[in-house]
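Adding 1 to a residue's 1-based position in the sequence shown gives its number in the working numbering.
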Amino acid sequence: MKLAQILETLEKSKTFKDFKKENPDAFFCAAFIIMNLKQNTSETSLDFRNDKNIFTFKLLDKDKEVIMQKEELLPSQKPLEKIEEKQVSKIKADLEDLQQIAEKELEKNKITGSLDEIIAVLQSGAEEKSLVWNLTCICAGFTIVSIKIDA
Numbered sequence: 002m003k004l005a006q007i008l009e010t011l012e013k014s015k016t017f018k019d020f021k022k023e024n025p026d027a028f029f030c031a032a033f034i035i036m037n038l039k040q041n042t043s044e045t046s047l048d049f050r051n052d053k054n055i056f057t058f059k060l061l062d063k064d065k066e067v068i069m070q071k072e073e074l075l076p077s078q079k080p081l082e083k084i085e086e087k088q089v090s091k092i093k094a095d096l097e098d099l100q101q102i103a104e105k106e107l108e109k110n111k112i113t114g115s116l117d118e119i120i121a122v123l124q125s126g127a128e129e130k131s132l133v134w135n136l137t138c139i140c141a142g143f144t145i146v147s148i149k150i151d152a
């Protein structure tokens, strides 16, 4: 599934609609995905923030249930920037591409352990209007490889 579809599913949920009524200034700032390739499962969280808080939404039970967690925002020199919906719809390296990209990078670097898990974070890049996937790949034997991809 594409990230834009997951975001759209979230925005249609009652939990999210109620959240937006109470927090109209909150904006999408990050996506966090854990792909367990051994068990063929994944967990997706979408983060929204305003000036004081960060709100994490998890879609459960095949996207039928949405839970929200609220945390106070910690001061940061580089806070999470807004990700525009039109940026998400233009992503070229989307969720279904990440495993293949990671496997090619492992092969290129002669890492032979099987790819067991990918932790992927999408956030705004250094350049204005750019998005970056930060992948942490965990291989057999606990080899850990970090990959950055221009989304």
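Idealized CB from N, CA, C, for every residue including glycine. Since the structure is predicted, the reported quantities are computational estimates derived from the model, not experimental observations.
Note on geometry: alpha-carbon atoms of Asp-26 and Ile-120 lie some 28 angstroms from one another. By the CB criterion at 9 angstroms, Ala-31 and Gln-88 fall outside the cutoff. Thr-42 and Gln-6 have their C-alpha atoms spaced approximately 18 angstroms apart. Note that the segment 73-82 touches the segment 44-54; at least 3 beta-carbon pairs, one per stretch, sit closer than 8 angstroms. Here Glu-82 carries a coil assignment [DSSP, helix/strand/coil]. In the three-state reduction of the DSSP assignment, Thr-45 falls in the strand class, which pools E and B. Collapsing the DSSP output to three states places Asp-19 in a helix. In the displayed model, Thr-144 falls within coil according to three-state DSSP, outside both helix and strand. From the listed residues Ile-150, Gly-142, Met-69, the smallest Cα separation to Leu-136 is found for Ile-150.
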